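Residue numbers (my numbering): 173 to 431.
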Amino acid sequence: MRLIDLSSAVDATAHEPDPVVHEVLTPRQGAEHMSAEMRTHFGLDFDPDELPDGEFLSLDRITLTSHTGTHVDAPSHYGSRAGYGDGVPKHIDRMPLEWFCKPGMVLDLTDAPTGVVGAERLEKEFQRIGRTPAPLDIVLLHTGASARAGTPEYFTEFAGLDGPAVHLLLDLGVRVIGTDAFSLDAPFTHVIERYGRTGDRSVLWPAHFAGRDREYCQIERLANLDALPAPYGFTVMCFPVKIAGAGAGWTRAVAMVDE
173 MRLIDLSSAV DATAHEPDPV VHEVLTPRQG AEHMSAEMRT HFGLDFDPDE LPDGEFLSLD
233 RITLTSHTGT HVDAPSHYGS RAGYGDGVPK HIDRMPLEWF CKPGMVLDLT DAPTGVVGAE
293 RLEKEFQRIG RTPAPLDIVL LHTGASARAG TPEYFTEFAG LDGPAVHLLL DLGVRVIGTD
353 AFSLDAPFTH VIERYGRTGD RSVLWPAHFA GRDREYCQIE RLANLDALPA PYGFTVMCFP
413 VKIAGAGAGW TRAVAMVDE
């Protein structure tokens, strides 16, 4: 079995609309921190120089959103009310784990310009690869956007899905849709410009708002989808971090390929 990393890194040096703050305590600073904590909380005095090399453990403090890096959006991210079940959308810690370890399928949308991709384009791709997603397959969209990760253009130049395209996948039984772009919807700039031109509310983030009536999850900011050896025949594992009450959780998405 070969493992292919499909995740983008959380990187404080990369361009982000919500900048990442990454503070590192070195092993020496960790020793001093531990000594101070022992004194404050337990009244114990411990000289950090007693430790080997005067060092203890490094420590990272990171400030970021749950939508930084590769992450899974939960239904509660799409709105406070749901048009299904008991009307309360689930947070990420309540999503069924079995959704996130399933056969995968990657669709090549690298020819799509910035904007939206419709259902007919997905159906054309199904015909090209000779397969339609089965229920609970994890469908990954290879838009090519990950090549711009870390730059301002990553957030403004990519293709997303329109509402009918999302509903097509959900009608087929798909419950997890992934993309290598910043969003499963078109860029904010494209959405707002199109709405201003047409006044049509259906163009306002249709991929996300579809989740208010249909329970499903998105994986955003994937990477390395061009390394997948075939459009299907692999398994995707993308378990989200269990953050209580959160609308998303980071994931180290991986494809498992039998060889």
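Every residue, glycine too, gets a C-beta built ideally from N, C-alpha and C.
As the structure is a computational prediction, the values presented were derived from the model and not from experiment.
Check: Backbone CA spacing between Ala184 and Glu295 [nearest angstrom]; Outcome: 39 Å
Check: Selected residue, minimal CA-CA separation from Val311, among His263, Trp422, Gly421 and Met277; Outcome: Met277
Check: Status (buried if at least 16 other CB within 10 Å, exposed otherwise) for Ala399; Outcome: exposed
Check: Start and end residues, beta strand (DSSP E) containing Lys274; Outcome: Cys273 to Asp280
Check: Beta-carbon proximity of Val182 to Gly241, cut-off 8 Å; Outcome: yes
Check: Beta-carbon proximity check, Arg293 vs Ala306, cutoff 8 Å; Outcome: no
Check: His239, enclosing alpha helix (DSSP H) - first and last residue; Outcome: Element bounds for His239: n/a, residue is neither H nor E.
Check: Residue of Leu229, His213 and Asp245 minimising C-alpha distance to Pro220; Outcome: Leu229
Check: Proximity below 8 Å, CB of Val348 to CB of Tyr404; Outcome: no
Check: Beta bridge counterpart(s) of Gly350 as assigned by DSSP; Outcome: Leu312 and Ile391
Check: Sheet register partners of Ser179 (DSSP bridge); Outcome: Leu394
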